[in-house]
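Peer 1:
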Amino acid sequence: IGKTLCINPGSSYEQGELLGAVVDLDGGKKVKRFVLTSG
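Convert by adding 4 to the 1-based position in the sequence shown; the result is the number in this note's numbering.
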């Protein structure tokens, strides 16, 4: 697949917390930055 970024925020089912990631792409297919989220 070539260079592939994998982001796994994990899980917190016991606390009822949804974990995820917001990924910002540049004009092509490259990742500029990412931030992990929870809520």
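The C-beta atom is built at its ideal place from N, Cα and C for all residues, glycine as well.
Hey, how far is the Cα of A25 from the Cα of L40?
Peer 2: Going from the Cα of A25 to the Cα of L40 covers about 4 Å.
Peer 1: Per DSSP, T44 is paired with what?
Peer 2: What is shown of the chain runs 5 to 43, which leaves residue 44 out entirely.
Peer 1: With the cut-off set at 8 Å, would you say L23 and G14 are in Cβ contact?
Peer 2: Contact flag set, yes.
Peer 1: Return the first residue and the last residue of the beta strand (DSSP E) that D28 is part of.
Peer 2: Per DSSP, D28 belongs to the beta strand (DSSP E) from 23–29.
Peer 1: Hey, would you say I11 sits closer than 8 Å to F38, going by beta carbons?
Peer 2: Yes.
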